[in-house]
Each structure stands twice: as structure tokens, then as C-alpha cells.
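Let me begin by presenting the structure, written as C-alpha cells, before commenting on it.
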Amino acid sequence: MKNNLVVVDHPMIQHKLTIMRDRDTASGKFRSLLKEISLLMGYEATRDLPMTNRSIETPLEEMEAPVLSGKKLCIFSVLRAGDGLLTGLLELVPSARVGHVGLYRDEETLEAVEYFYKGPQQLEDRLCLVVDPMLATGNSAKAAIDKVKSNGAKNIRFICLLASPEGLELLNREHPDVTIYTASLERELNSSGYILPGVGDAGDRLFGTCK
Ligand code: URA
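For the sequence shown, the working numbering puts the final residue at 211, and the numbers step up evenly by one.
Written out as C-alpha cells, the structure reads:
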């Protein structure tokens, strides 16, 4: 099967990720590191955006200068941990539209259950970046992408901090048209569906709700 994976292994990302992995890293620091990483990953995921030229005047002369073209892209945050990637990506692309997909994980079946959806119109004409820090079982990512596609999206990329081999396999199988950007392809999932070695529960670490 084709593997649509881009591991963004830039040294700055890997250094920041190591600090995030450390169990003693506090929530505020974890949040700011994820934001910094999302900016760097956003560069990669938007590398081939279509461009056009616009006439402008510099202080010295006229020129045809490149600007982004086409409909504004849309960032879909998979609640709640996706918001940890959203803030950095919005700094990179302030004009982006934002959608939210609310999914929780049934702790027994590990299946994704939808409880919220809100997104912009005309998704068929936009690049859609679906973001969730952890591609674990892949169930939430699959459900979020199903939802975005059912609302018209045709050009979708998925951005996560960490991917498990199991989640990657599922997403490649169910959505072979979606390229996945991650900072690390991890070793495995444990029996509770957590990524190893991982960062723990990304939502809890982002928002300080760890037990
Ligand atoms: N969700 C998380 O927050 N962490 C994991 O390791 C897996 C799923």
C-alpha cells in the first residue's frame, strides 16, 4: 500500500519534541512548544500552495510579486487537542478559515464518537488541513476526515505531532488520498490505545487536566 507520510524531522522540531515528551515538562511549556512545532510543520504542509503574481510598488520600483492564490485554506481542529496545533497554524496563515470537529474516544471500544461539527462553506475549493496531535488508533482521524469529505472537501492533508504505525496504516487504507505530516513515526500503541514512547495524553498535557 502507498504510504502517504511526510516525517518532518527538522532538528528544531526534534529538539522541541524531546522536551514535550519529558513527563516533567509543565503544561504551559508543552503548549508553547506544540505551537512552535505547528508553525514549522505548517511550512512543510503548505510548501506547494498555488501562487499568482500581483503588481506592487516597492519604495524603488514596480514589480510583479508572488502572493497566494485561490480560496483561503481551512484548518479543521479535532477537538480538543487539535486546538494545540491550531493556534500556531493560524499565526502562519492568519487568513485561514477554521472548522471544528468534536470527537471523543469511547474508552472501551476506542471508537470515535462525534458530538460537534462546524465548518466553512465551499470546502471543495479549499485545501483543508485536518489537525490532531496524536494519530493513535486512527479512528478519530478517519472519522474527522470522513466528516470533512462528506461536507465537500477534496484536497485534505492531516497534520499530527506523533503517528503510530497502526494509525498510519488505517488512514492510508481508508483515505489514501490524504498526505499525513508528522514529527515522528512512533514504535507502537499500548493496549489502552496510547502511543509509545509518545507524550502521554496530549489534551491533558495541553490543558493541565492530568490526573
Ligand atoms: N491520544 C493521546 O492524547 N495520546 C496518545 O498517546 C494516544 C491518543
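Yeah, the Cβ is synthetic: ideal placement off N, Cα and C, and Gly gets one too.
Small disclaimer: the values here were computed from a predicted structure and weren't measured.
Just so you know, the alpha carbons of R126 and V148 end up roughly 11 Å apart. Rounded to whole angstroms, the separation of the alpha carbons of D132 and S38 is 11 Å.
Remark: C-beta atoms of P50 and S69 approach each other more closely than 8 Å.
Straight-line spacing of the CA atoms in V6 and A163 works out to 11 Å. Taking the Cβ of A202 as the reference point, at least one heavy atom of the ligand URA falls within a distance shorter than 7 Å. In the displayed model, N151 falls within coil according to three-state DSSP, outside both helix and strand. If you ignore the 5 residues before and after N151, its C-beta comes within less than 7 Å of the C-beta of G119 and L123, all in its own chain and listed in chain order.
The beta strand (DSSP E) runs lying completely inside the region 55 to 96 and spanning 3 residues or more are 62 to 68 and 74 to 79, given in chain order. With 16 or more other Cβ atoms inside 10 Å of its own Cβ, K35 counts as buried. In the displayed model, H175 falls within coil according to three-state DSSP, outside both helix and strand. Note: K211 is not bridge-paired with any residue in the DSSP secondary-structure output. Assigned with DSSP and collapsed to three states, G102 falls in strand.
About 5 Å separates the CB atoms of L129 and I75; that is less than 8 Å, so the two are in contact.
Looking only at G193, S140 and P176, the smallest Cα-Cα distance to G82 is reached by S140.
Between the C-alpha atoms of L135 and E169 there is a straight-line separation of about 10 Å. About 5 Å separates the beta carbons of L189 and E166, which is inside the 8 Å limit, making them a contact pair. Beta-bridge pairing by DSSP links T46 to no other residue. A contact between stretches requires three or more CB pairs, one per stretch, nearer than 8 Å, and the region 52 to 67 fails this requirement with the region 106 to 121.
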